[in-house]
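Q: Heads up: the sequence shown is residues -19 to -1, 1 to 201, going by mature numbering (1 follows the signal peptide of the UniProt record, and there is no 0). Every residue gets a Cβ at the ideal spot worked out from N, C-alpha and C, and that includes glycine. Structure in structure tokens, see below.
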Amino acid sequence: MKRTLKFIFFILFSTIVYGQTDPATTLKKQESRLDVATRTIELTYKVPKNYTRSPDRIILKHPEDPLELIRGVGNLLTSVWTHKDGECILFIECPAVLPRSGINKLEQEIPSSTFNRLRLSLRIGNPFKNTTPEQMEELDKIIKYWPQEKAKKVFNAQHVIIYPSNDPKAIYKEKYILRQSFCIIKWANHINMSFLLTNKGYKHMNKYVKDVQRSFWFND
């Protein structure tokens, strides 16, 4: 119970912070939050022809949405893309929270906050505290890093981290189960893609991943 309350506080705190500092909270006419967020971190995107996107952000709320799902993807989704076959949904999270000085294009490392968020998703330790070497070892057994050459070729990114979800309770609309997430990083900024699939769609997950791999491209 205590752990659940901490988790709910963490999610609510994150929402408040994003609401105060995310440039996407101030929109121009006919712009979505995804438009503003991606522009802020110098990322271009294109929705694949087989997908439709949500008009604006979507907020996941408990108890309508399971805590296991919110823990896995966060509660504030910048955009949701749905495959036209109805078997796959893509959750996109792009907070675009920048310091006042703007993007630091000299930054090459993965931010420590990324590992805290991964630990929350994967239930490793306390996300309010710094990641310990032991927790990092545990994380490294679960997550997968793309070679930097591949990250640059596919997304023009510096880092790509892939991590699975094996929790059947992380479910959306009673049929889409969270299966795999991508964290794509450049200049310490990130965009997350999470794949949620029906049982039928899960058999073809590689196809859905391939569909969207060319949808995001960081600028130089």
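Since L178 and Y157 should fall inside the 8 Å C-beta cutoff, what is the C-beta to C-beta distance between them, to a whole number of angstroms?
A: 6 Å between Cβ atoms; contact.
Q: Taking N147 as the reference, which of R104, E74, R195, D46 has the closest Cα?
A: It is R104 whose Cα lies nearest to the Cα of N147.
Q: Classify E178 as helix, strand or coil using the three-state DSSP reduction.
A: The sequence given here places Leu at residue 178; Glu does not occur at that position. Three-state DSSP puts L178 in a strand.
Q: Give me the Cα-Cα distance between Y189 and C69, rounded to the nearest whole angstrom.
A: Near 7 Å, if we compare the C-alpha coordinates of C69 and Y189.
Q: Since I73 and S94 should fall inside the 8 Å C-beta cutoff, what is the C-beta to C-beta distance between them, to a whole number of angstroms?
A: 18 Å between Cβ atoms; not a contact.
Q: Would you check if there are 3 or more beta carbon pairs closer than 8 Å linking the stretch 81 to 94 to the stretch 46 to 57?
A: With a cut-off of 8 Å, the stretch 46 to 57 and the stretch 81 to 94 do not count as touching, because too few Cβ pairs lie within range.
Q: Could you check what DSSP says for V193 in three-state terms: helix, strand or coil?
A: The answer is helix: DSSP assigns V193 an H, G or I state.
Q: Which parts of the stretch 122 to 184 are runs of the alpha helix (DSSP H), unbroken and 4 residues or longer, counting only runs that do not cross its ends?
A: You should have 129 to 136, 180 to 183.
Q: Would you give the residue range spanned by the alpha helix (DSSP H) that R20 belongs to?
A: Its alpha helix (DSSP H) spans residues 14 to 21.
Q: Taking buried to mean at least 16 other C-beta atoms within 10 Å of its own C-beta, is R195 buried or exposed?
A: Exposed is the call here.
Q: Nearest to L58 by CA position, among F197, N137, H185, R14, is which residue?
A: Residue R14 is the option with its Cα nearest to L58.
Q: DSSP on T6, reduced to helix/strand/coil?
A: Its pLDDT being 47, under 50, T6 is placed unreliably in this model, and the value from its coordinates should be taken loosely. Note: T6 maps to helix in three-state DSSP.
Q: Count the other CB atoms within 10 Å of the CB of G182; is the residue buried (16 or more) or exposed (fewer)?
A: By the neighbour-count rule (16 or more Cβ atoms within 10 Å), G182 is buried.
Q: Based on the DSSP secondary-structure assignment, which residues constitute the bridge partners of S93?
A: Note: S93 sits in no beta bridge, so no partner.
Q: From the DSSP secondary-structure annotation, give me the bridge partner or partners of V61.
A: According to DSSP, which records beta bridges pairwise, V61 is partnered with F72.
Q: May I ask you to report which of helix, strand or coil DSSP gives F199?
A: Strand, per DSSP.
Q: Return the CA-CA distance between I91 and N170, expressed in angstroms with no decimal places.
A: For I91 and N170, the distance between alpha carbons rounds to 9 Å.
Q: Measure from the alpha carbon of D16 to the alpha carbon of each residue in F96, I166, P76, then state which is nearest.
A: It is P76 whose Cα lies nearest to the Cα of D16.
Q: Closest to A151 by CA distance: which of V28, T21, D46, S35 is it?
A: The residue with the shortest Cα to Cα distance from A151 is D46.
Q: Residue range of the alpha helix (DSSP H) that R81 falls in?
A: Where R81 is concerned, there is no enclosing alpha helix (DSSP H), given that its DSSP letter is neither H nor E.
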